[in-house]
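To start, the structure itself, in C-alpha cells.
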Amino acid sequence: MGIVSEGFSGRRRGRADLPPGQYVTQDFPVLSAGPTPHIRTEHWEFTVTTETGEAYRWDWAGLLALPAEEITKDIHCVTRWSKFETNWKGVSLDTLLADVETAADFALAHSYGGYTTNLPMDDLLDGQAWIAYEYDHEPVDPEHGGPARLLVPHLYFWKSAKWVRGLVLSDTEDLGFWETAGYHEYGDPWKEQRYAGD
Amino acid sequence: MERTAIRRRLSWQVATVTDVRRETATARTLVLDVPEWPGHLAGQHLDVRLTAPDGYRASRSYSIASAWADGTIELTVEQVPDGEVSTYLVDVVKVGDQFEVRGPVGGWFVWKPEQEEPVQLIGGGSGVAPLMSMLRTHAAAASMVPVRLLYSVRRPASVIYVGDLKELAAADHVDVRLVYTREAPAGEPRIGRIDADVIERFAFTPAESPTTYVCGPTPFVETVADLLVAAGHDPARVRTERFG
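Top to bottom, those sequences are chains A and B. With the working numbering, letter number 183 in the first sequence gets 193, and the count goes up by one each step, no holes. With the working numbering, letter number 84 in the second sequence gets 89, and the count goes up by one each step, no holes.
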C-alpha cells in the first residue's frame, strides 16, 4: 500500500460510474492553454483533410443543415473533475465522415487558436464523437469551446478539442498539444491514462 | 505553438515534508524532500497522492512555487472549501510526514532562463504560485530580462510570499505590483479588479513583445486574457493556467 497518511480519511464519494482518481463536480471548469478565441459563426469553417490531401469543407450553415443528435454523456477531465449527464446537441462524425474517402487510422484535430489533439479514427466513428454546438440547449460558450467543439466523451476531455476547425487524417499518429507536453497519447479515463506511459 | 517534448514515464515517489510555512489564513507552503526528483522548470506542477489507512486514495495537482535552481521543491496549497486533499495539506500534515508525488508535469506554462523577451506575470490569489517559481528561477539564473508581476489579491492579509516578493522586487528589472480588490494597506490606493486601465498602466505593451503568463481562477484568467488580446497582445504569446 506504500505510504499511509494517518490523519487523512478523504471524502469517499466514489461511485461505480466514476473513473478512478476522479471527483464529481457540478460546475463546468475550464482547461485552456491560452486566451479564448472568439470565432464568429459567419467566419467559421470545418475542414476534413484526408491522407491524400483531399479536403472536405462545411461552413456554419452547412453544419446546421446536417442531421443533429442530442447527446447526454458523462465527461471526465484529466485535472480530475468529472461531470455527469452533460447535455449537448451536435452532428455525429459518422455523418460528417460518411462521404469522406479515407483509409486513415489517425486524426489530428485542429482548433482556432492553434490547439491540436490526436485521436485514433476508431474513436471518432460508431456513435462515439460529435461536433457539438449546443450545451444545455444554448449555444456553446466561447469559454467552453464555442461556436463548436469536438465531443469525444469516452476519452479525457482534452481530446474534445474546443474551437475545432478541422481534422487532418493520417496513416501515422502525430501527437497533439498536450500529448507532446507529456500527457498520454490515448487518454482512457477508465485506465487512468493521464500522462505518457500510464 | 512552440512546445517542450517530454515523453517519459512518471512514477510515484516518496516525498518527505521538511518544513511548513503558514502564508495566509488559508494557505500554507510545504517544503518537500524527494530524493530522486529529476528537477523541474518554472511553472510546472506535480501530482500529490494521499493514501488513507484503509487504502483509500486521492490525488490532486499543485503548481511548484520554488525554483529548481535553488534545489528545492515547494508547494503552496490554498485550502478550498470541502477540499479533501487541500484540507489535509493545509491543516494536518506536519514536518516529517510523507506522501507520494509524481512529476514534474507540463511543458507549456513554463518560463526558461534562455528566454530573452520581457516577462509579464499576472496572478490572481493562489495563482501566484507558479509565477513565483518563474520569479525565483529568473533571480537564480541572474536573468537580466525585465519581468513584471501584477498580483491581484483581496486584501493585504491575503498576500502570499509577502517577504520574498519584497526582496525580489528590489532588483531594478523586477517590478511587483499588488492590485488590491477589496482593501488596500493604509496609505495605498485600492485599485479594484484588473481592468483595461490597469493593464495599460502597469503591463508591458504589445510593442515590447512580452510573453505573458496568467494564472488564477477561471473567471480571472478569462477576463485578463480577453483584456490582453483586446489591448493588442498576440494571443499566441499569452499562456494561461486556470484553477477550477
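Idealized CB from N, CA, C, for every residue including glycine. All of these numbers come straight from a predicted model, not from anything done at the bench.
Backbone CA spacing between residue i and residue j [nearest angstrom]
| i | j | result |
| --- | --- | --- |
| G132/B | Q138/A | 36 Å |
| W17/B | G72/A | 49 Å |
| H53/A | R204/A | 34 Å |
| G155/A | T223/B | 14 Å |
| D231/B | W91/A | 25 Å |
| V110/B | L15/B | 9 Å |
| Q36/A | N97/A | 13 Å |
| H143/B | P151/B | 10 Å |
| K169/A | L103/A | 14 Å |
| Q49/B | G108/B | 9 Å |
| C220/B | I204/B | 15 Å |
| T186/B | T23/B | 34 Å |
| D208/A | D75/B | 30 Å |
| P30/A | E202/A | 6 Å |
| T82/A | A70/B | 39 Å |
| E79/B | D59/B | 28 Å |
| L134/A | F116/A | 9 Å |
| F248/B | G124/A | 22 Å |
| G63/A | A108/A | 17 Å |
| T216/B | V53/B | 29 Å |
| A189/B | V234/B | 28 Å |
| D42/B | D184/A | Per the sequence shown, residue 42/B should be read as Trp rather than Asp. Their Cα atoms are separated by approximately 29 Å. |
| S173/A | L170/B | For clarity, residue 173/A is Trp in the given sequence; the question names Ser instead. Taking the straight line from one Cα to the other gives about 38 Å. |
| R21/A | E144/A | 33 Å |
| G88/B | L183/B | 27 Å |
| H86/A | A241/B | 27 Å |
Residue i: contacting residues in chain A (beta-carbon distance under 9 Å)
| i | result |
| --- | --- |
| A236/B | Near A236/B there are no residues of chain A at all, since even the closest Cβ is about 11 Å away, more than 9 Å. |
| D231/B | P45, T46 and H48 |
| L15/B | G192, R204, Y205, A206, G207 and D208 |
| V19/B | G12 and I13 |
Environment of residue i [buried if 16+ CB atoms lie within 10 Å]
| i | result |
| --- | --- |
| H147/A | exposed |
| S214/B | exposed |
| V100/B | exposed |
| L35/B | buried |
| V280/B | Any property of residue 280/B remains undetermined from this structure, which presents chain B solely from 6 to 249. |
| E246/B | buried |
| R26/B | exposed |
| A63/B | buried |
| W200/A | exposed |
| E7/B | For E7/B, the pLDDT reaches just 41, beneath the cut-off of 50, and the residue's location in the model is therefore unreliable, although a value from the coordinates is still provided. Exposed is the call here. |
| E95/A | exposed |
| A10/B | For A10/B, the predicted structure reports a pLDDT of 47, less than 50, and the residue's modelled location is therefore unreliable. The matter cannot be settled from this model. |
| E122/B | exposed |
| T209/A | Residue 209/A is absent from the structure shown; chain A starts at 11 and stops at 208. |
| V178/B | The displayed chain sequence assigns His, not Val, to residue 178/B. By the 10 Å Cβ count, H178/B comes out exposed. |
| D132/A | exposed |
| P194/B | exposed |
Cβ distance (whole Å) where residue i is taken to contact residue j below 8 Å
| i | j | result |
| --- | --- | --- |
| F187/A | T127/A | 6 Å |
| F225/B | S157/B | 7 Å |
| V82/B | A162/B | In fact, because the Cβ distance is near 17 Å, the residues do not count as touching under 8 Å. |
| E61/A | L160/A | In fact, because the Cβ distance is near 19 Å, the residues do not count as touching under 8 Å. |
| S15/A | T56/B | 6 Å |
| P77/A | T51/A | At roughly 19 Å, the Cβ-Cβ gap does not stay under 8 Å, so P77/A and T51/A are not in contact. |
| V243/B | P45/A | 5 Å |
| H120/A | G176/A | 5 Å |
| G44/B | W73/B | 4 Å |
| D84/A | P163/A | 7 Å |
| E153/A | E227/B | 6 Å |
| T89/A | L28/A | No, T89/A and L28/A are not in contact; Cβ-Cβ is about 15 Å, not under 8 Å. |
| A68/B | A145/B | Checking the sequence, you will find Ser at residue 68/B rather than Ala. S68/B to A145/B, Cβ: 17 Å. No contact. |
| T21/B | Q103/B | 5 Å |
Chain A residues whose Cβ lies nearer than 7 Å to that of residue i
| i | result |
| --- | --- |
| Q103/B | I13 |
| V164/B | Neighbours of V164/B on chain A: none; closest Cβ ~25 Å, over 7 Å. |
| E260/B | Given that chain B is displayed from residue 6 to residue 249, the structure contains no residue 260/B and the question cannot be resolved. |
| V110/B | G192 and Y205 |
Neighbouring residues, chain B, relative to residue i (Cβ below 7 Å)
| i | result |
| --- | --- |
| A43/A | W113, R244 and T245 |
| E80/A | Under the 7 Å cutoff, chain B gives no residues; its nearest Cβ is about 27 Å from E80/A. |
| G31/A | S64 |
| E153/A | E227 |
| A114/A | Neighbours of A114/A on chain B: none; closest Cβ ~23 Å, over 7 Å. |
Heavy atom of the ligand ZN within 7 Å of residue i beta-carbon
| i | result |
| --- | --- |
| R67/A | Absence of the ligand ZN is noted for the structure shown, with no ligands found whatsoever. |
Chain-ordered neighbours of residue i on chain A, where CB pairs are closer than 8 Å
| i | result |
| --- | --- |
| A57/B | V14, S15, F18, S19 and G20 |
| Y274/B | Any question about residue 274/B goes unanswered here, given that chain B covers just 6 to 249. |
| Y93/B | S15, G17 and F18 |
| Y218/B | Those do not exist, as Y218/B stays about 11 Å from chain A at its closest Cβ, beyond 8 Å. |
Within chain B, partners of residue i - CB distance below 8 Å
| i | result |
| --- | --- |
| R90/A | S64, R65 and S66 |
**Request:** Evaluate contact between the region 193-204 of chain A and the region 104-113 of chain A, counting only Cβ atoms and requiring at least three cross-stretch pairs below 8 Å.
**Result:** no
**Message:** I want to know whether the region 121-130 of chain B touches the region 141-159 of chain B - three or more CB-CB distances under 8 Å.
**Reply:** yes
**Asked** Do the region 101-120 of chain B and the region 136-154 of chain B touch if we need at least three Cβ pairs shorter than 8 Å?
**Response** Contact holds between the region 101-120 of chain B and the region 136-154 of chain B, because three or more Cβ pairs, one in each stretch, are under 8 Å apart.
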